[in-house]
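Student: Please see the structure below; I have some questions.
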Amino acid sequence: AQTVTQSQPEMSVQEAETVTLSCTYDTSENNYYLFWYKQPPSRQMILVIRQEAYKQQNATENRFSVNFQKAAKSFSLKISDSQLGDTAMYFCAFIKTQGGSEKLVFGKGMKLTVNP
Amino acid sequence: NAGVMQNPRHLVRRRGQEARLRCSPMKGHSHVYWYRQLPEEGLKFMVYLQKENIIDESGMPKERFSAEFPKEGPSILRIQQVVRGDSAAYFCASSPGVGYGYTFGSGTRLTVV
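The listed protein sequences correspond, in order, to chains A and B. Each residue of the first sequence is one higher than the one before, counting from 31 in my numbering. Each residue of the second sequence is one higher than the one before, counting from 117 in my numbering.
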């Protein structure tokens with residue numbers, strides 16, 4: 031089975047602080063793709079960051095970076111200098127390929143609140 | 117580039133009616149995916165289509181639900197004889213190919229009364 035687990039349902043952080051969101055996944059594949067998506071109250075799903083499993087270097091996008099531990103099947107998201115606009119649901123996702131098909135499989139999400 | 121366009125944004129249907137949800141992918145994207153999100157939950161895969169082909173419909177309920185992506189025009193998710201349990205947000209996403217990550221539309225919130 032290929033699953034994505036986000037064990038923390040909710041977190042809060044003060045503005046300007048750093049926060050880390052955890053995610054683990056399970057797969058038997060060697061090459062795959064991992065993503066973090068953000069869903070603010072507007073409900074729009076926004077791609078935050080993408081990681082290719084064959085790349086050892088951790089992906090970064092401005093204030094967002096990941097800690098990708100392939101052997102441990104861990105893919106955490108670090109948000110530096112948190113801003114009020116970072117308040118949202120965050121979903122970890124994994125591309126599952128099977129029989130010529132591919133689809134994003136999402137974790138259950140984690141609600142992040144950034145307080146002023 | 118207008119992104120992934122979904123309409124309508126909100127749709128109210130009475131039980132037993134039909135719901136038709138539309139999705140126009142980003143320009144240059146030939147892969148379309150439909151997802152459903154229930155309140156307080158993540159997105160659940162429904163169907164994956166390419167032009168004129170259903171690639172994977174393993175997440176679609178066996179009855180009342182169908183999807184298409186014709187050669188011309190938007191992708192359509194059709195729900196016949198809606199029931200209250202169909203109330204959810206339905207998201208469409210598109211991608212140019214495998215592994216690129218998906219661009220999502222703003223979703224259609226379906227309410228069945």
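Heads up, the beta-carbon is just placed ideally off N, CA and C, and yes, glycines get one too. As the structure is a prediction and not an experimental result, all values here were calculated from the model.
With H, G and I counted as helix, E and B as strand and the rest as coil, what does DSSP make of D111/A?
Tutor: coil
Student: Taking just the CA atoms, how far does M162/B sit from Y151/B?
Tutor: 5 Å
Student: So if DSSP puts Q122/B in a beta bridge, which residue, or which two residues, is it bridged to?
Tutor: C139/B
Student: Do E132/A and V78/B come within 8 Å of each other at the CB atom, strictly closer than that value?
Tutor: Chain B is shown only over 117 to 229; residue 78/B falls outside these bounds and no answer can be derived.
Student: Hey, T219/B and S211/B are a contact pair by Cβ (cut 8 Å); roughly how many whole angstroms apart?
Tutor: Confirmed, about 7 Å.
Student: What is the C-beta distance between V34/A and C122/A, in whole angstroms, given that I count them as a contact (C-beta under 8 Å)?
Tutor: 5 Å
Student: Secondary structure at R93/A, three-state DSSP: helix, strand or coil?
Tutor: coil
Student: What ranges does the alpha helix (DSSP H) occupy inside the stretch 137 to 188 of chain B, keeping only unbroken runs of at least 4 residues that lie completely in it?
Tutor: none
Student: From P71/A, L114/A, F65/A, pick the residue whose C-alpha is nearest to that of T90/A; which is it?
Tutor: F65/A
Student: Suppose the cutoff is 6 Å on Cβ atoms and the five residues either side in sequence are ignored; what does the same chain contact list for P231/B look like?
Tutor: Missing from the structure shown is residue 231/B; chain B here goes from 117 to 229 and no further.
Student: I'd like the list of long-range same chain contacts for I79/A, defined as Cβ closer than 8 Å, with 5 residues on each side in sequence excluded.
Tutor: F65, W66, A89, T90, E91, F94, S95, V96, L107
Student: Given that S86/B touches chain A, what residues does it touch there, using C-beta distances under 9 Å?
Tutor: Summary: the structure shown does not reach residue 86/B, with chain B confined to residues 117 through 229, and so no result is reported for it.
Student: So, at 7 Å on beta carbons, what are the nonlocal neighbours of A204/B in its own chain, with the 5 sequence-adjacent residues on each side left out?
Tutor: R152, Q153, L154, L226
Student: Would you give the residue range spanned by the beta strand (DSSP E) that T35/A belongs to?
Tutor: 33 to 35
Student: With a threshold of 7 Å on Cβ separation, who are the neighbours of K100/A within its own chain once the five nearest residues in sequence on each side are excluded?
Tutor: A83
Student: Would the beta-carbon of Q38/A fall within 8 Å of that of A118/A?
Tutor: no
Student: Taking just the CA atoms, how far does Y164/B sit from E173/B?
Tutor: Taking C-alpha positions only, E173/B is separated from Y164/B by approximately 6 Å.
Student: Helix, strand or coil for R80/A per DSSP?
Tutor: strand
Student: Hey, does F161/B have any beta-carbon neighbour from chain A nearer than 8 Å?
Tutor: yes
Student: Along the stretch 185 to 205 of chain B, what residues have a CB closer than 8 Å to any CB found in chain A?
Tutor: Answer set for the stretch 185 to 205 of chain B: A205.
Student: Against G139/A, what residues of chain B qualify as contacts under a CB-to-CB distance less than 7 Å, listed in chain order?
Tutor: G158
Student: Can you tell which of Y63/A, V49/A, T48/A has the C-alpha that lies nearest to the C-alpha of Y55/A?
Tutor: Y63/A
Student: Please tell me whether L107/A has its Cβ less than 8 Å away from any Cβ of chain B.
Tutor: no
Student: DSSP three-state label for R129/B, please.
Tutor: In this structure, R129/B counts as strand in the three-state DSSP scheme.
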